[in-house]
Amino acid sequence: MFKRWLLASTTAAVLATLPIVAQAQTNGGDIVVTYKDDITTLDPAIGYDWVNWSMIKSLFSRLMDYEPGTANLVPSLAESFTVSPDGLTYEFKLRKGVKFSNGREVVASDVKYSIERAINPKTQGPGAGFFGAINGFADMTGGTAETLSGIETPDDGTVVFKLSRPDATFLHVLAINFASVVPKEAVEAAAGDFGKKPVGSGTLVLKDWTIGQKLSFERNPDYYIKGIPHIDSVTVEVGQEPLVALLRLQKGEVDIAGDGIPPAKFLEIKNSPEGAQMIVDGEQLHTGYVTLNTKVKPFDDVKVRQAVNMAINKERITRILNGRATPANQPLPPLMPGYDKAFTGYGYDVDKAKALLAEAGYADGFETVLFSTNTDPQPRIAQAIQQDLAAIGIKAEVRALAQGNVIAAGGTEGEAPMIWSGGMAWIADFPDPSNFYGPILGCGGAVQGGWNWSWYCNEALDKRAVEADSMSDPAKVAERQAAWGKIFTDIMADAPWVPVINERRVVAKSTRMGGPDNIYIDPTRVINYDAIFVK
139 MFKRWLLAST TAAVLATLPI VAQAQTNGGD IVVTYKDDIT TLDPAIGYDW VNWSMIKSLF
199 SRLMDYEPGT ANLVPSLAES FTVSPDGLTY EFKLRKGVKF SNGREVVASD VKYSIERAIN
259 PKTQGPGAGF FGAINGFADM TGGTAETLSG IETPDDGTVV FKLSRPDATF LHVLAINFAS
319 VVPKEAVEAA AGDFGKKPVG SGTLVLKDWT IGQKLSFERN PDYYIKGIPH IDSVTVEVGQ
379 EPLVALLRLQ KGEVDIAGDG IPPAKFLEIK NSPEGAQMIV DGEQLHTGYV TLNTKVKPFD
439 DVKVRQAVNM AINKERITRI LNGRATPANQ PLPPLMPGYD KAFTGYGYDV DKAKALLAEA
499 GYADGFETVL FSTNTDPQPR IAQAIQQDLA AIGIKAEVRA LAQGNVIAAG GTEGEAPMIW
559 SGGMAWIADF PDPSNFYGPI LGCGGAVQGG WNWSWYCNEA LDKRAVEADS MSDPAKVAER
619 QAAWGKIFTD IMADAPWVPV INERRVVAKS TRMGGPDNIY IDPTRVINYD AIFVK
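So for the sequence shown, the numbering used here puts the first residue at 139; every next one is plus one.
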């Protein structure tokens, strides 16, 4: 039999999408959110940092989405879908009457165009690899085809995906930002600047963007679920130092301090009379790490990479963060299925690190560059890593830059020997171990514009990753998780990066903001602009 999912009406959609705020939420209100760095892009095929991810989520719609604050998949642009028994064919029926913010109705060909655009090498987007199971993927990424043979649109309301193999993550893939549906005419009219002139069918519409100052979003009055979002507008002010943002939040001028609470202010805020109402502190699927560029000397030598793994005192870094993190020893965070509790990784051992450097021919050390974002506390963490490396003879210059410049150094130019990922790190796009491999450790991510900043490519592990994701039978869940766990612990033998910490997310919000904590630390959105509300 086919598995069938159906949301029969708008009322059912609301109930399925908003179970956690239906009793308490109110509608209306304008909120202010701050960030230190400007937003790099709002193009869903390109944007891939933790700040723009939430905004893109709300500007655009996808076939699938998640219940707010959870990782529970529900149809969104799709009204219903079926999956063939062999897991190779997915058919989606679109909601009728959904419109882009330019007034045109969303049709099936828009879905096909949008995913092909995300995959097209000319786009230089980091998300192409997610769609690798669709027929025709290799031809399109290889430049021998302009379209995907595996996406069919028999009519305006139907999209059919034909896969080359079963993919246990495919519904999750259709819920991530790279699967956002965009109108071709708006992309072409923007002439390469769609990231600044986005047109979507999401809950919010971009009304104004003053580069380096602020972005103004307003509710989409034509959004296909009535009453969503709950707020009337969002103003995102950029260029705000986190300490200044917190002071303004305490005065009632800011509603969400997007960069969180700097460690120097954490205890003060926590112990203040309104601290319990202002702080949201929760677990997330997160790993902060140092990338080691395997394409450049001396990090092309595994012994050097292993030495760096042994040189970093992770406990000290958790103290810098007021204990809001735990030391990491593998790419997967502890809450992710497949995490190997028995794996110990590389212990902190300066003498062994020195010995490995000597074996690699670097007994006297070497000079290198460590990139970091420039928002507190990331430069301080980078300096702690710098001191640890100095203890084994590695002289690392710290370059603390705006987030967009660090991303460019890692994935566009590919020049960065080392990057401390903190402030961005890796927060799961969806709750599956595969998401910690393909974009950041797989061969598909080691491309210009990608996020595999170690430029590590192990084709044998890539093959095992495909085999693990092809286990789509629910009876094989445990087997699949074990297969993924072994992939990640085997990666550590090659040491392409240093897993440093698994950090909790701490958000500061004004006392007038309502809703449960898990819409401010949403596992698939970071901040869920669709679900937050003013009390």
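Virtual Cβ for every residue (Gly too), placed ideally from N, Cα, C. Given the structure is predicted, the values throughout are model-derived calculations rather than measurements.
- Touching or not, the region 479-494 and the region 555-562, by the rule of three or more beta carbon pairs under 8 Å? The region 479-494 vs the region 555-562: no contact.
_Please give me, in chain order, every unbroken run of the beta strand (DSSP E) with length at least 3 that falls completely inside the region 519-547._
Counting only runs of 3 or more, we get 532-539.
What residue range does the beta strand (DSSP E) around GLU375 cover? First-last of the beta strand (DSSP E) with GLU375: 371-376.
Are GLN444 and LEU494 closer than 8 Å when you measure CB to CB?
In this structure, GLN444 lies near LEU494, with their beta-carbon atoms less than 8 Å apart.
Coarse secondary structure for ASP660, derived from DSSP in three states: It is a strand residue.
Which residues DSSP lists as bridging ILE169, in chain order: DSSP lists VAL372 as the bridge partner or partners of ILE169.
Check for me: the alpha helix (DSSP H) holding GLU205 runs from which residue to which? In the DSSP assignment, GLU205 falls outside any alpha helix (DSSP H), carrying neither H nor E.
Item checked: Residue burial classification, GLU229 (beta-carbon count within 10 angstroms, cutoff 16) -> Counting every other CB atom within 10 Å of its CB across the protein chains shown gives GLU229 a total of 16 or more, marking it as buried.
Would you kindly check if the distance between the Cβ of MET651 and the Cβ of ASP393 is under 8 Å?
MET651 is positioned such that its CB atom lies closer than 8 Å to that of ASP393.
Would the region 167-177 count as touching the region 536-555 if we require 3 or more Cβ pairs under 8 Å?
A contact exists between the region 167-177 and the region 536-555.
Separation of PHE568 from ALA209, as counted between CA atoms: Taking the CA atoms as reference points, ALA209 sits about 7 Å from PHE568.
Taking just the CA atoms, how far does PHE238 sit from VAL320?
Rounded to whole angstroms, VAL320 to PHE238 spans 8 Å at the Cα level.
task = Have a look at ASP181 and ASN165 and give me their C-alpha separation to the nearest angstrom.
result = So the alpha carbons of these two residues sit roughly 28 Å apart.
Quick one: complete alpha helix (DSSP H) runs, 4+ long, within the region 561-613? If we require 4 residues or more, the alpha helix (DSSP H) runs fully inside the region 561-613 come out as 597-607.
Report yes if the C-beta distance between ALA520 and SER510 is below 8 Å; otherwise report no.
Against a cut-off of 8 Å, the Cβ pair of SER510 and ALA520 comes out as a contact.
Out of MET609, GLU535 and ALA449, state which residue places its alpha-carbon closest to the alpha-carbon of PRO637. Looking at the Cα atoms, ALA449 is the closest of the given residues.
| task | With a 10 Å radius around its C-beta and 16 neighbouring C-beta atoms as the bar for buried, classify SER410 as buried or exposed. | result | Exposed, since its Cβ has fewer than 16 Cβ neighbours within 10 Å.
ask   = Can you tell me the Cα-Cα spacing of ASP655 and GLY583, whole angstroms?
value = Cα-Cα distance, rounded: 32 Å.
task: Tell me where the alpha helix (DSSP H) around THR279 begins and ends.
output: Per DSSP, THR279 belongs to the alpha helix (DSSP H) from 275-279.
- Query: What are the start and end residues of each continuous alpha helix (DSSP H) run of 4 or more residues lying completely inside the region 486-522, in chain order?
  - Reply: Fully enclosed alpha helix (DSSP H) runs of 4 or longer: 488-497.
Could you pull out every residue in the same chain whose Cβ sits closer than 6 Å to the Cβ of MET139, ignoring the five residues on either side in sequence? Caution applies to MET139, whose pLDDT of 31 falls short of 50 and renders its modelled position unreliable; the model cannot decide the point.
Quiz item: How many whole angstroms separate the CB atoms of ALA669 and PRO206, which I take to be in contact at a CB cut-off of 8 Å?
Solution: Between PRO206 and ALA669 the Cβ distance is about 4 Å, and since that is below 8 Å, they are a contact.
* Strand pairing of ILE670, partner residues [DSSP] -> Looking at the DSSP output, ILE670 shares a beta bridge with no other residue.
Can you pull the DSSP bridge partners for GLY426?
-> In the DSSP output, where bridge partners are listed per residue, GLY426 has ILE639.
Can you find the residues in the same chain that come closer than 7 Å, C-beta to C-beta, to VAL271, ignoring five residues on each side of it along the sequence?
Rather than Val, the amino acid found at residue 271 in this sequence is Ala. The residues are LEU301, SER302, ARG303, ASP305 and PHE308.
Go ahead and pull the three-state DSSP assignment for ASP628. Helix.
Are there 16 or more other CB atoms within 10 angstroms of the CB of GLN524, so buried, or fewer, so exposed? Counting Cβ neighbours within 10 Å, GLN524 comes out buried, since at least 16 surround it.
message = I need the boundaries of the alpha helix (DSSP H) containing GLU406, first residue and last residue.
response = Where GLU406 is concerned, the enclosing alpha helix (DSSP H) stretches over 401-408.
So LEU353 and LEU344 are in contact, right, with Cβ under 8 Å, and what is the actual spacing, rounded? Rounded to the nearest angstrom, the Cβ distance from LEU353 to LEU344 is 7 Å, consistent with a contact under 8 Å.
The beta strand (DSSP E) that contains LEU211, what's its start and end?
From DSSP, the beta strand (DSSP E) with LEU211 extends over 211-213.
Practice prompt. Please state whether DSSP places ILE674 in a helix, a strand or coil.
Written response: What is shown of the chain runs 139 to 673, which leaves residue 674 out entirely.
DSSP bridge partner residues for ILE289 (one or two, in chain order): PHE299.
**MET474 versus SER199: straight-line alpha-carbon distance, rounded** = Between MET474 and SER199, the alpha-carbon positions lie close to 26 Å from each other.
Next on the checklist: Here's the rule: buried if 16 or more other CB atoms are within 10 angstroms of the residue's CB, otherwise exposed. What is PHE671?
Outcome noted: It counts as buried.
*Consult DSSP for GLU356 and reduce its assignment to one of helix, strand or coil.*
It is a strand residue.
| field | Contacting residues, own chain, Cβ-Cβ under 6 Å from GLN161 (five flanking each side not counted) | value | Caution applies to GLN161, whose pLDDT of 40 falls short of 50 and renders its modelled position unreliable; the value that the coordinates give is listed next. Cβ within range, chain order: n/a, list empty.
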